[in-house]
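Trainee: The numbering of the sequence shown is the working numbering, which starts it at -8 and goes up by one.
Glycine included, each C-beta is placed from N, C-alpha and C at the ideal position.
Remember, it's a predicted structure, so these values are computed and weren't measured experimentally.
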Amino acid sequence: MKMAKRSPIWHPFTQHALQQDMTKVLRGEGAYLYTKDGRRLIDAISSWWVVTHGHCHPRIVNAIREQAGKLNQIIFAGYTHEPAEQVATELLKVTSPALEHVFFSDSGSTSVEVALKMALGYWYNTGRQRTQIVVMQHSYHGDTIGAMSVGSRGVFNAAYGALMFEVTSIPFPARDREQIALDALENACRNQHPAAFIVEPLILGAGGMLMYSPSVLREMKRICEAFDVLFIADEVMTGWGRTGSLFACEQADITPDIACYSKGLTAGALPLAVTLCRADIFDAHYSEDRRRTFFHSSSYTANPVACAAAKANLDLWQDQDYRRRVASLAKMQERALAPFCDDSRFANVRRTGTVTALELNTSDAGYLADIGPKLLAFFQSRNLLLRPLGNTIYVMPPYCVTAADLDEIYAAIRDAADLLM
Ligand code: PMP
C-alpha cells in the first residue's frame, strides 16, 4: 500500500494507513476540547475514560501548580511525602475498611501487574504455591504482558501469545448465561485452587462495554471466598463514579481483596494508579528476611505532583456534591438513550450508571467491524470525540456535560445510523 505520509509519532490503537491526520488539540475546558483548526469538540468519552470532572478543573490545576513548585519527584523507597500520605489516608476513608494498604504506580496496566504480583507473592510467601489466575471472557486489563495475559485473547494481542501466561477463562455472565458463568467460576475454584480471580466489576470496558448485574458480582465474590481465592477488582475504568456509585463494588456490597484504581484517580490530569489490598497480603510481604520484600517499583512511583492532583480529586469528591451530579448524569443518559431502545438498527441498548452503549446491527461485529472507521470519521465531522469499539458506540462523558451536549451526541448517533446503515 502506498502511504501518503508517514507519521513520526506512532499513535496507540491507531491504524496509520487509515488515519493519517491527527486532530491537534490546543486546549481543554470542562467537557470541551478546542482544536488548532478552530473547532470545539465535545469530549463524549472523557479522553479514554479519565477526565471525570472535566478538562482543566481549576482546583486540580491549582494543586498541580502548587506542588510542582515544591517537590516534583522523589525516590519512593525509604522516602515519603505529604501528597502520597494524604492520598493514602483519604483513599482508605472512602474504600472498605478491609482494604488497609495502598501501593502506588502510574497506569491502569501497572496497577494490574502489581495486583497479580501481590496475589502470587501472598501465596508464595505463606508457603502455598498457588499460581493459576481465573479471568472473565471479554475482559481487558491493559497492554503490558501480564495485563494482556489476564485479558481476552484476540486481535489486540494475537502476535504476543508466546509471551503470555496461561489462565482459566470463565464465560461472560450475559443475562441468559449468569448461572453458566458462576458454575464455571465455582468449578475453576474447586478444581484448580487458583491464586486469584480478576474481574472488571459491572462493566467490561474495552471488551465492548459489556454490562452485568451486581447480584452476579456478589455471587462471584462469595464463590471466591468459599474457596479462599483472592478476588481482584480492576476498577480502573469503573471507579470514580462511572457506574453510579464511587466504586462499582459498592453496588454489590462486596469488598475485594485487592483493588486497582487509576484513570479518574487524578480526574484525568496526570498519570497515577493505586493498588489497594488487605492487611494479610501486606503482612505476607513483611519480615526481617528481606527476600520477602515486594520487589516492584517504577521510577515515578507516587510522583508528588500526580499525588497532589489525586488529593485535589479526593477533595472534590468530599466537598462537592459529586454523588448527586453522577446520579443526575445517569438520569440524563437514561432519557437520552430511551428512543434507541425501539430502533431496530440498534441492539443491546444498555446503561450502567453514567455509561451507555449501543450496538449497530451490522453484518460484522467486534472491534474490527467495517463500520468502525466510518463511524469515527462521521463523529469527527460532527465535532465529537466519540470513538466506537467496532460497531459498539458508547457514551462516557465528563460529569460536567450538559443536557444540550448529550442531545448533540445522541443526534449524531441517530444521524450516523441514517447515513451508514
Ligand atoms: N483496566 C481496565 C479495566 C481498563 O479499562 C484499562 C484502560 N482502558 C486498563 C486496565 C489499563 O489502564 P492504562 O491504559 O492506564 O494502562
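#1: Looking at C-beta atoms only, is the number of pairs between the region 350 to 365 and the region 318 to 332 that lie closer than 8 Å three or more?
#2: Tell me whether arginine 18 sits in a helix, a strand or coil according to DSSP, three-state version.
#3: In angstroms, rounded to a whole number, what distance separates the CA positions of isoleucine 55 and alanine 297?
#4: So what's phenylalanine 273 in DSSP terms, helix, strand or just coil?
#5: Of the choices Pro379, Ala318, Pro(-1), whose alpha-carbon is the least far from that of valine 392?
#6: So does aspartate 225 have its beta carbon nearer than 8 Å to some heavy atom of the ligand PMP?
#7: Can the beta-carbon of arginine 233 be found less than 9 Å from the beta-carbon of isoleucine 272?
#8: I'd like to know whether the C-beta atoms of alanine 303 and arginine 50 end up nearer to each other than 9 Å.
#9: When the distance is taken between beta carbons, is leucine 397 closer than 9 Å to proline 388?
#10: Leaving out the 5 sequence neighbours to the left and right, which residues in its chain are closer than 7 Å to glycine 198 when beta-carbon positions are compared?
#11: With three or more beta-carbon pairs closer than 8 Å as the criterion, would you say the region 369 to 385 touches the region 397 to 410?
#12: Can you tell me whether aspartate 225 is helix, strand or coil according to DSSP?
#13: In the DSSP output, which residue or residues are listed as bridge partners for threonine 343?
#14: Taking the alpha helix (DSSP H) that arginine 209 falls in, what are its first and last residues?
#15: Which residues bound the beta strand (DSSP E) around serine 288?
#16: Can you grab the Cα-Cα spacing for the pair isoleucine 214 / leucine 176, in whole Å?
#17: So is the beta-carbon of valine 42 under 8 Å away from any non-hydrogen atom of the ligand PMP?
#18: At a cut-off of 8 Å, would you count proline 49 as near the ligand PMP, judging by its Cβ distance to the nearest heavy atom?
#19: Going by DSSP in three states, arginine 336 sits in which element: helix, strand or coil?
#20: Here's a check: name, in chain order, each residue in its chain whose Cβ is nearer than 7 Å to the Cβ of arginine 342, leaving out the five neighbours to either side.
#21: Identify the residues that DSSP records as bridge partners of aspartate 34: which are they?
#22: Are there three or more Cβ pairs, one per stretch, closer than 8 Å when the region 248 to 264 is compared with the region 138 to 152?
Mentor: On the basis of the supplied data:
#1: no
#2: strand
#3: 7 Å
#4: helix
#5: Ala318
#6: yes
#7: no
#8: yes
#9: yes
#10: His129, Ser130, Tyr131, Ser143
#11: yes
#12: strand
#13: Val346
#14: 205 to 217
#15: Careful: serine 288 lies outside any beta strand (DSSP E) and carries neither H nor E.
#16: 7 Å
#17: no
#18: no
#19: coil
#20: Gln324, Glu325, Leu328
#21: Leu376
#22: no
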